[in-house]
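Residue numbers are given in numbering that gives the first Met the number 0: position 175 of the sequence shown equals residue 174, and the series is strictly consecutive. The structure under discussion appears below in the form of structure tokens.
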Amino acid sequence: MQRVYLDNNASTPVLPEVLDAMRPYFGERFGNASSIHHHGQEARGAVEHARESVAALLGCGVTEVVFTSGGTESDNLAIAGLAAAGDHIITSNTEHHAVLHACKHLEDIGCDVTYLPVDGCGLVDPDDVARALRPNTKLISIMMANNETGVLQPVNEIGRIAAQADVFFHTDAVQAAGKVPIDVTRIRCDALSISGHKFHAPLGVGALYVRKSTRIHPLFYGGRHERSRRAGTENVPGIVGLGKAAELAMQGFGGNEDQKMGALRDRFEQGILGRVEQSGVNGGGSPRVPNTSNVYFDSVDGEPMVIALDLKGLAVSTGAACSSGALEPSHVLLSMGLRADRARSSVRFSLGKENTAEDVEFALALVPETVARLREVSPVYRKQTVVGSAR
Ligand code: PLP
């Protein structure tokens, strides 16, 4: 059966070049990067080479890159490492749970947190950020790109507000890295999170940019790895993979791969909207990363839709979360003002480097017929049709 993967915001395949770069570090180059002998220094050299590549991707200095186990750890390190009891934090309602739950934890230990709303396009208003500032505000954490909709927040403006107020600014760029160019100097952020498996490096490795001279409290206590910002023996193969993926992402921007992906995504959206009535793109009016398309299909539940598409070979996802056995509609879409049923009917399609025009055609052939089939058995949809035809 033909299988097409359009769930790259969940995870991406490791590219062959990345796997080739990593392979020796699972075998003959097995050393601990802290050891002073040949084996250790070989590993150290590889880690530092990867650090240069990640620094080049983010536009920062090598000493400002801290390797972590991924996006969740990077977000937690930034938030728990930069704020403490008594501080005020500003974030938004549409952050990833790695940020929201870290903020909730800080509330439990004595921080105040302001959760800013977004508008119907999914955007935070920078004026709201400025208005939320208090004398004890220590940290602003607003994501660069949303994982469900791909919406890009106005991080440059928020960074300017943070700098003027002398407040730390962290941005979760997990869904931006590899998809749009990142420059920490332009964003004026103090911390920025990335995760390898979102841009063709392996699972379980990531990085946090921490601006030079910023005092950040570590999450773990142990050795003096990563300049005492992240204790624990480095995951050398993973870090090598992250570095290689960063190099490939830079080459991709050079070859306008991001624009080509955006054109594929636009083709997909036009095709869907032209073929499926009562559908629309969530966050479609905002600046977005070029690979993500979040589409609602009224009167269809997202979950059966994902299953039906998977049975036909197309892998996509919903933003719905399962809590206590019930499907909760996405907090991101609800925050954008979508009705609960429309949020539940939404499906995320996310392209990756390996997707082709044929993959998009495959999805365009499959999605409309699947929606039509599910609507045939939907009492809600039938009711609307009857009402419509009676008019
Ligand atoms: N932040 C965002 C925006 C994400 O999309 C994700 C993963 O989906 C994370 C953080 C967590 O990253 P990781 O899976 O590397 O822990």
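Just so you know, even glycine gets a beta-carbon here, dropped at the ideal spot from N, CA and C.
### Task
Could you please go through the chain and list the residues whose beta-carbon is closer than 5 Å to any non-hydrogen atom of the ligand PLP?
Gly-69, Gly-70, Thr-71, His-95, Ala-97, Asn-146, Asp-171, Val-173, Gln-174, Ser-194
### Query
How many angstroms separate the CA atom of Pro-286 from the CA atom of Gly-222?
The sequence position of residue 286 within the sequence shown is 287, counting from 1. The sequence position of residue 222 within the sequence shown is 223, counting from 1. Distance between the alpha carbons of Pro-286 and Gly-222: 42 Å.
### Query
For Asn-155, does the three-state DSSP call read helix, strand or coil?
The residue labelled residue 155 in the question sits at position 156 within the sequence shown. Reduced to three states, the DSSP call for Asn-155 is helix.
### Query
With 16 as the cutoff for other CB atoms within 10 Å, does Gly-205 come out buried or exposed?
To locate residue 205, count along the sequence shown from 1; it is residue 206. Buried, because 16 or more other Cβ atoms sit within 10 Å of the Cβ of Gly-205.
### One or two residues paired with His-169 in a DSSP bridge
Counting from one through the sequence shown, the residue named residue 169 turns up at place 170. Bridge partners of His-169: Ser-140, Ala-190.
### Message
Just to confirm before moving on: does the CB-CB distance between His-169 and Ile-108 stay below 9 Å?
### Response
One-based indexing of the sequence shown puts residue 169 at position 170. One-based indexing of the sequence shown puts residue 108 at position 109. No, the Cβ-Cβ distance between His-169 and Ile-108 is not below 9 Å.
### Task
Can you tell me which of the three DSSP states Ser-298 falls into?
In the sequence shown, counting from the first residue as 1, residue 298 sits at position 299. Ser-298 falls in the coil class under three-state DSSP.
### Query
Thinking C-alpha only, which one of Ile-157, Val-239, Phe-267 is nearest Ile-186?
Residue mapping note: residue 186 aligns to position 187 of the sequence shown, counting from 1. Taking only the C-alpha atoms, the option nearest Ile-186 is Ile-157.
### Task
Determine the burial state of Ile-306: buried for a count of at least 16 other Cβ atoms within 10 Å of its Cβ, exposed for fewer.
Mapped onto the sequence shown, residue 306 falls at position 307. With fewer than 16 Cβ atoms within 10 Å of its Cβ, Ile-306 is classed as exposed.
### Message
On the criterion of 16 or more Cβ atoms from any shown chain inside 10 Å, does His-224 qualify as buried, or is it exposed?
### Response
Translated into the one-based positions of the sequence shown, residue 224 becomes position 225. Counting Cβ neighbours within 10 Å, His-224 comes out buried, since at least 16 surround it.
#### Entry: Distance CB(Leu-5)-CB(Asp-358) smaller than 9 Å
In the sequence shown, counting from the first residue as 1, residue 5 sits at position 6. In the sequence shown, counting from the first residue as 1, residue 358 sits at position 359. Against a cut-off of 9 Å, the Cβ pair of Asp-358 and Leu-5 comes out as a contact.
#### Entry: Euclidean distance between Cα positions of Glu-147 and His-48
Counting from one through the sequence shown, the residue named residue 147 turns up at place 148. Counting from one through the sequence shown, the residue named residue 48 turns up at place 49. Rounded to whole angstroms, Glu-147 to His-48 spans 33 Å at the Cα level.
### Message
Only counting the same chain, and skipping five residues up and downstream in sequence, which positions put a Cβ closer than 6 Å to that of Gly-351?
### Response
On the sequence shown, residue 351 is found 352 positions in, with the first residue counted as 1. Once the five neighbours on either side are set aside, the close Cβ partners of Gly-351 are Asn-7, Thr-11.
### Message
Considering only their Cβ atoms, is the gap separating Leu-191 from Leu-18 smaller than 9 Å?
### Response
Counted from its first residue, the sequence shown places residue 18 at position 19. Counted from its first residue, the sequence shown places residue 191 at position 192. In this structure, Leu-191 does not lie closer than 9 Å to Leu-18 by Cβ.
### Query
Looking at C-beta atoms only, is the number of pairs between the segment 237 to 245 and the segment 192 to 212 that lie closer than 8 Å three or more?
yes
### Message
I'd like the list of long-range same chain contacts for Leu-365, defined as Cβ closer than 7 Å, with 5 residues on each side in sequence excluded.
### Response
As a working note, residue 365 is residue 366 in the sequence shown. Once the five neighbours on either side are set aside, the close Cβ partners of Leu-365 are Leu-308, Lys-311, Leu-313.
### Three-state secondary structure assigned by DSSP to Arg-210
In the sequence shown, the residue the question calls residue 210 occupies position 211. Arg-210 falls in the coil class under three-state DSSP.
### Query
Measuring CB to CB, does Met-142 end up less than 9 Å from Gln-163?
The residue given as residue 142 occupies position 143 in the sequence shown. The residue given as residue 163 occupies position 164 in the sequence shown. In this structure, Gln-163 does not lie closer than 9 Å to Met-142 by Cβ.
### Task
Output the residue ranges of the alpha helix (DSSP H) runs that lie fully inside the segment 221 to 252 and measure 4 residues or longer, sorted by chain position.
224 to 227
### Query
For Ile-89, which residues does DSSP report across the bridge?
Taking the sequence shown and counting its residues from 1, one reaches residue 89 at position 90. DSSP output for Ile-89 lists Thr-113, Ile-139 as bridge partner(s).
### Message
Could you check whether the segment 60 to 70 touches the segment 111 to 124, counting it as contact only if at least three pairs of C-beta atoms, one from each stretch, sit closer than 8 Å?
### Response
no
### Query
Val-386 to Pro-378, Cα distance in whole Å?
Position 387 of the sequence shown, counted from the start, is the residue given in the question as residue 386. Position 379 of the sequence shown, counted from the start, is the residue given in the question as residue 378. Residue confidence for Val-386 is low, a pLDDT of 48 falling below 50, so the modelled location carries little weight and cannot support an answer.
### Query
Can you pull the DSSP bridge partners for Asp-6?
The residue given as residue 6 occupies position 7 in the sequence shown. In DSSP, Asp-6 forms a bridge with Ser-349.
### Query
In chain order, what residues of the same chain lie with their CB nearer than 8 Å to the CB of Thr-136, ignoring the 5 residues before and after it?
Position 137 of the sequence shown holds residue 136. Excluding sequence neighbours, Thr-136 sits near Asp-86, His-87, Ile-88, Ile-89, Ala-164, Val-166.
### Pair within 9 Å by beta-carbon distance, Arg-374 and Ser-298
In the sequence shown, the residue the question calls residue 374 occupies position 375. In the sequence shown, the residue the question calls residue 298 occupies position 299. Yes, they are a contact pair.
### For Asn-75, the nearest candidate out of Arg-229, Cys-120, Glu-368, Glu-41 (CA to CA)
Sequence index remark: in the sequence shown, residue 75 carries index 76 (1-based). Nearest of Arg-229, Cys-120, Glu-368, Glu-41 to Asn-75, Cα basis: Arg-229.
### Message
Excluding the 5 residues flanking Arg-266 on each side, which residues of the same chain have their C-beta closer than 7 Å to its C-beta?
### Response
Your numbering for residue 266 matches position 267 in the sequence shown. Only Val-359 meet the Cβ criterion.
### Query
Using DSSP with H/G/I as helix, E/B as strand and the rest coil, what is Pro-12?
Counted from its first residue, the sequence shown places residue 12 at position 13. Pro-12: coil per DSSP, three-state reduction.
### Query
Going by DSSP, which residues form a beta bridge with Ala-314?
In the sequence shown, counting from the first residue as 1, residue 314 sits at position 315. Note: Ala-314 sits in a beta bridge opposite Tyr-4.
### Message
Arg-343 and Glu-302 - do their beta-carbons sit closer together than 9 Å?
### Response
The residue given as residue 302 occupies position 303 in the sequence shown. The residue given as residue 343 occupies position 344 in the sequence shown. Going by C-beta atoms, Glu-302 is nearer than 9 Å to Arg-343.
### Task
May I have the straight-line CA-CA distance separating Val-346 from Tyr-295, to the nearest angstrom?
Residue numbering aside, residue 346 sits at position 347 when the sequence shown is read from its first letter. Residue numbering aside, residue 295 sits at position 296 when the sequence shown is read from its first letter. So the alpha carbons of these two residues sit roughly 6 Å apart.
### Task
Report the rounded CA-to-CA distance for Ser-388 versus Asn-293, giving the unit in angstroms.
Position 389 of the sequence shown holds residue 388. Position 294 of the sequence shown holds residue 293. With a pLDDT of 40 at Ser-388, under the threshold of 50, the modelled position of this residue cannot be trusted; read the value that follows with caution. Cα to Cα, Ser-388 sits roughly 29 Å from Asn-293.
### Message
Can you tell me where the beta strand (DSSP E) holding Thr-67 begins and where it ends?
### Response
Start at 1 with the first residue of the sequence shown, and residue 67 comes out as number 68. From DSSP, the beta strand (DSSP E) with Thr-67 extends over 64 to 67.
### Query
Arg-390: buried (16+ other C-beta within 10 angstroms of its C-beta) or exposed?
Working through the sequence shown from its first residue, we reach residue 390 at position 391. Here the model assigns Arg-390 a pLDDT of 36, short of 50, so the residue's position is not dependable, and the following value carries that caveat. Exposed is the call here.
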